[in-house]
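K.L.:
Number of protein chains: 2
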Amino acid sequence: MAQNPRVLSVTELPTSEARWITLNKIKYADAEGVERLWESAQRTTRRGSIDAVAVLAILRSKTDAFPLSTVIIEQYRPPIDKFIIELPAGLIDAGETPENAAIRELKEETGFVADRVIQSSPVVVSDPGMTNANMKLVVLNVTLDDKLETPEQKLDTGEFIVTRVVELAKLEEILEEYDTKASTSLTLGGFVVDARLSHFAIGYQAALKVANGTF
Amino acid sequence: MAQNPRVLSVTELPTSEARWITLNKIKYADAEGVERLWESAQRTTRRGSIDAVAVLAILRSKTDAFPLSTVIIEQYRPPIDKFIIELPAGLIDAGETPENAAIRELKEETGFVADRVIQSSPVVVSDPGMTNANMKLVVLNVTLDDKLETPEQKLDTGEFIVTRVVELAKLEEILEEYDTKASTSLTLGGFVVDARLSHFAIGYQAALKVANGTF
Numbered sequence: 001m002a003q004n005p006r007v008l009s010v011t012e013l014p015t016s017e018a019r020w021i022t023l024n025k026i027k028y029a030d031a032e033g034v035e036r037l038w039e040s041a042q043r044t045t046r047r048g049s050i051d052a053v054a055v056l057a058i059l060r061s062k063t064d065a066f067p068l069s070t071v072i073i074e075q076y077r078p079p080i081d082k083f084i085i086e087l088p089a090g091l092i093d094a095g096e097t098p099e100n101a102a103i104r105e106l107k108e109e110t111g112f113v114a115d116r117v118i119q120s121s122p123v124v125v126s127d128p129g130m131t132n133a134n135m136k137l138v139v140l141n142v143t144l145d146d147k148l149e150t151p152e153q154k155l156d157t158g159e160f161i162v163t164r165v166v167e168l169a170k171l172e173e174i175l176e177e178y179d180t181k182a183s184t185s186l187t188l189g190g191f192v193v194d195a196r197l198s199h200f201a202i203g204y205q206a207a208l209k210v211a212n213g214t215f
Numbered sequence: 216m217a218q219n220p221r222v223l224s225v226t227e228l229p230t231s232e233a234r235w236i237t238l239n240k241i242k243y244a245d246a247e248g249v250e251r252l253w254e255s256a257q258r259t260t261r262r263g264s265i266d267a268v269a270v271l272a273i274l275r276s277k278t279d280a281f282p283l284s285t286v287i288i289e290q291y292r293p294p295i296d297k298f299i300i301e302l303p304a305g306l307i308d309a310g311e312t313p314e315n316a317a318i319r320e321l322k323e324e325t326g327f328v329a330d331r332v333i334q335s336s337p338v339v340v341s342d343p344g345m346t347n348a349n350m351k352l353v354v355l356n357v358t359l360d361d362k363l364e365t366p367e368q369k370l371d372t373g374e375f376i377v378t379r380v381v382e383l384a385k386l387e388e389i390l391e392e393y394d395t396k397a398s399t400s401l402t403l404g405g406f407v408v409d410a411r412l413s414h415f416a417i418g419y420q421a422a423l424k425v426a427n428g429t430f
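Top line first, the protein sequences correspond to chains A and B. Note that the first sequence covers residues 1 to 215 in the numbering used here. Note that the second sequence covers residues 216 to 430 in the numbering used here.
1. A:Lys209 to A:Thr70, Cα distance in whole Å?
2. Name, please, each residue of chain B whose Cβ falls closer than 9 angstroms to the Cβ of A:Gly95.
3. For B:Gln420, count the other beta carbons within 10 Å of its own beta carbon; 16 or more makes it buried, fewer makes it exposed. Which is it?
4. Spell out whether any CB of chain A is found under 8 angstroms from the CB atom of B:Thr346.
5. Going by DSSP, what residues sit across from B:Ala269 in a beta bridge?
6. Under 9 angstroms Cβ-Cβ, which residues of chain A neighbour B:Asn239?
7. Taking 8 angstroms as the cut-off, decide whether the C-beta atoms of A:Lys154 and A:Val53 are in contact.
8. If you draw a straight line from the C-alpha of B:Thr429 to the C-alpha of A:Phe66, how long is it?
9. Mind checking if A:Glu116 is an interface residue toward chain B, Cβ cutoff 8 angstroms exclusive?
10. DSSP three-state call for B:Asp360: helix, strand or coil?
11. Within the continuous beta strand (DSSP E) that includes A:Ile118, where are the two ends?
12. To the nearest whole angstrom, what separates the beta carbons of B:Leu412 and B:Leu274, a pair I think is in contact under 8 angstroms?
13. What is the rounded straight-line gap between the Cα of A:Leu68 and the Cα of A:Glu74?
14. At a CB-CB cut-off below 8 angstroms, which residues of chain A make contact with B:Gln382?
15. Measure how close the beta-carbons of B:Asp342 and B:Thr278 come, nearest whole angstrom, since I'm counting them as under 8 angstroms.
16. For A:Val55, tell me which candidate among A:Arg46, A:Arg116, A:Pro5 has the shortest Cα-Cα distance.
17. Is A:Lys25 helix, strand or coil by DSSP?
18. Excluding sequence positions up to five away, which residues of its chain have a Cβ less than 6 angstroms from the Cβ of A:Leu188?
19. For B:Arg234, does the count of other Cβ atoms within 10 angstroms reach 16, so buried, or fall short, so exposed?
20. Applying the criterion that 16 or more other CB atoms from any shown protein chain within 10 Å of the CB defines a buried residue, is A:Gly33 buried or exposed?
21. Step through the CB atoms of chain A and report whether any lies within less than 8 angstroms of the CB of B:Leu355.
22. Quickly, what does DSSP pair B:Lys290 with across the bridge? List them, please.
23. Straight-line CA distance for B:Ser224 to A:Arg36?
24. Would you say A:Ile202 reaches chain B, if we count a Cβ-Cβ gap shorter than 8 angstroms as a contact?
25. Should A:Ala211 be labelled buried (16 or more other beta-carbon atoms within 10 Å of its own) or exposed?
26. Given a cut-off of 8 angstroms on the beta-carbon distance, is the pair A:Leu91 and A:Thr45 in contact?
27. What's the call for B:Thr395, buried or exposed, on a 16-neighbour Cβ count within 10 Å?
28. Measure the CB-CB distance between B:Asp308 and B:Ala316 and report whether it falls below 8 angstroms.
29. Round the Cβ separation of B:Val328 and B:Val357 to the nearest angstrom and send it over; I've been treating them as touching at under 8 angstroms.
30. The alpha helix (DSSP H) that contains B:Leu423, what's its start and end?
31. Hey, A:Asp51 and A:Ala133 are a contact pair by Cβ (cut 8 angstroms); roughly how many whole angstroms apart?
32. For B:Ala416, which residues from the same chain have a beta carbon less than 8 angstroms from its beta carbon, with the 5 sequence-adjacent residues on both sides left out?
33. Who are the near neighbours of A:Pro78 in its chain, counting only those whose CB is closer than 7 angstroms to its CB and skipping five residues on each side?
34. With a threshold of 8 angstroms between beta-carbons, can A:Phe160 be considered close to chain B, or not?
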């Protein structure tokens with residue numbers, strides 16, 4: 001029976017016992033040649049040169065029956081102990097291209113089947129002051145007939161992901177609603193939006209505001 | 216004399232010796248009540264409830280002498296061992312509001328003086344599968360006369376930050392150029408773009424492409 005996921009305990013993890021991430025002490029020379037130290041975390045799971053992909057799916061009607069939309073997900077994340085609103089995303093498997101990983105993750109997490117890669121971002125870094133984590137954003141096209149139905153997911157055992165289809169022009173407004181939304185029976189600590197999704201939405205809306213002179 | 220900053224050595228850092236970040240083992244109950252483990256990194260420096268702010272400065276001409284622009288920075292980041300292209304950003308001091316931290320960081324890192332807060336994002340999380348790091352994006356207005364001059368920075372000792380003013384409508388194109396730009400005498404390993412800045416730029420450009428039917 002479904003219940004609220006929740007953190008039970010948090011303990012300090014010795015680096016020697018960690019399996020998925022590790023801590024590094026970096027000795028570096030700065031622009032004046034001075035030796036300095038920096039502390040950094042990194043994943044131990046990187047197989048190629050990129051950790052992960054995120055997917056911006058553009059859901060498009062063949063018949064213009066609905067406005068250009070995308071799909072976002074709600075997923076419990078233990079490091080935050082809340083449900084995070086994110087783009088579909090995942091780690092890249094060994095031997096997999098970022099674009100194929102994006103198509104696979106979109107299908108697994110949302111059921112939507114992409115028919116075309118619109119755009120693939122450069123490799124970008126998620127939090128470069130603290131970690132070496134990197135990723136690509138892949139923009140995928142999903143052409144649908146007149147109905148905007150939510151297909152069946154292909155989740156792994158133990159994966160619990162809620163999908164939500166959102167009109168692109170309303171994305172920023174909907175992300176702000178999550179921030180203020182009261183806890184419901186399915187959410188112990190509420191919702192938090194992923195920074196990258198938030199920045200995309202703020203960028204999209206900024207261009208619309210500039211166009212109509214309200215920015 | 217200025218030289219290339221560079222990593223000299225990387226060694227495993229025991230959690231017990233780390234000062235700025237730490238590793239946690241999180242025991243949590245999933246949506247079916249099953250006990251599971253997750254590994255997470257976190258900063259030890261958070262003073263209030265938010266780690267950091269990033270600043271999107273909107274540089275605006277009183278006389279429409281130049282198009283709406285913003286300022287980005289180039290900064291060496293040891294965890295990546297490259298120059299990262301980012302929005303101006305910084306940690307929030309004790310007792311400081313995110314908006315005041317944004318105004319302070321913008322002035323320190325770029326010299327631009329904000330006259331108004333346009334928008335302050337919800338608290339968002341930078342990489343919620345791996346860390347608890349969180350932040351706010353603050354959009355600040357900077358009104359200038361007819362000339363788009365780059366003012367003097369107020370950097371701390373040991374801070375080396377290059378600023379660059381970019382037209383908003385060209386931001387995505389310029390970020391892509393960094394990705395392919397050859398190393399120069401000032402860059403050992405080249406440039407990498409921050410994911411949040413990249414997502415903002417892709418969002419901004421996506422809205423322009425949708426408007427002219429090319430997305």
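Even glycine gets a Cβ: it sits at the ideal position worked out from N, Cα and C. All values derive from a computational prediction rather than experimental measurement.
P.N.:
The short version:
1. 20 angstroms
2. Within 9 angstroms Cβ-Cβ: nothing; A:Gly95 doesn't reach chain B, min ~22 angstroms.
3. buried
4. yes
5. B:Ala304, B:Leu352
6. Val10, Thr11, Glu12, Leu13, Pro79
7. no
8. In a straight line, the C-alpha of B:Thr429 is about 18 angstroms away from that of A:Phe66.
9. The residue asked about is misnamed: residue 116 of chain A is Arg in this sequence, not Glu. No, because no Cβ of chain B sits closer than 8 angstroms to the Cβ of A:Arg116.
10. coil
11. 116 to 120
12. Not quite, the Cβ-Cβ distance comes to about 16 angstroms (not below 8 angstroms), so this is no contact.
13. 20 angstroms
14. What sits at residue 382 of chain B in the sequence shown is Glu, not Gln. Here the premise fails: no neighbours, minimum Cβ distance about 11 angstroms.
15. Contact flag wrong, Cβ pair sits at about 42 angstroms.
16. A:Arg116
17. strand
18. Note that A:Leu188 scores 46 on pLDDT, short of 50, meaning its location in the model is unreliable; the coordinates nonetheless yield the value given after this. For A:Leu188, where only same-chain residues beyond five positions count, the Cβ hits under 6 angstroms are Asn4, Arg6.
19. Classified as exposed, B:Arg234 has fewer than 16 neighbouring CB atoms from the shown chains inside 10 Å of its CB.
20. exposed
21. no
22. Before going on, a small fix: residue 290 of chain B reads as Gln here, not Lys. In DSSP, B:Gln290 forms a bridge with B:Ile299, B:Ile376.
23. 11 angstroms
24. yes
25. exposed
26. yes
27. exposed
28. Yes.
29. Cβ atoms of B:Val328 and B:Val357 come within 8 angstroms of each other, at about 7 angstroms.
30. 410 to 426
31. The distance from the Cβ of A:Asp51 to that of A:Ala133 is about 5 angstroms, consistent with a contact at the 8 angstroms cut-off.
32. Leu386, Glu387, Leu390
33. Val7
34. yes
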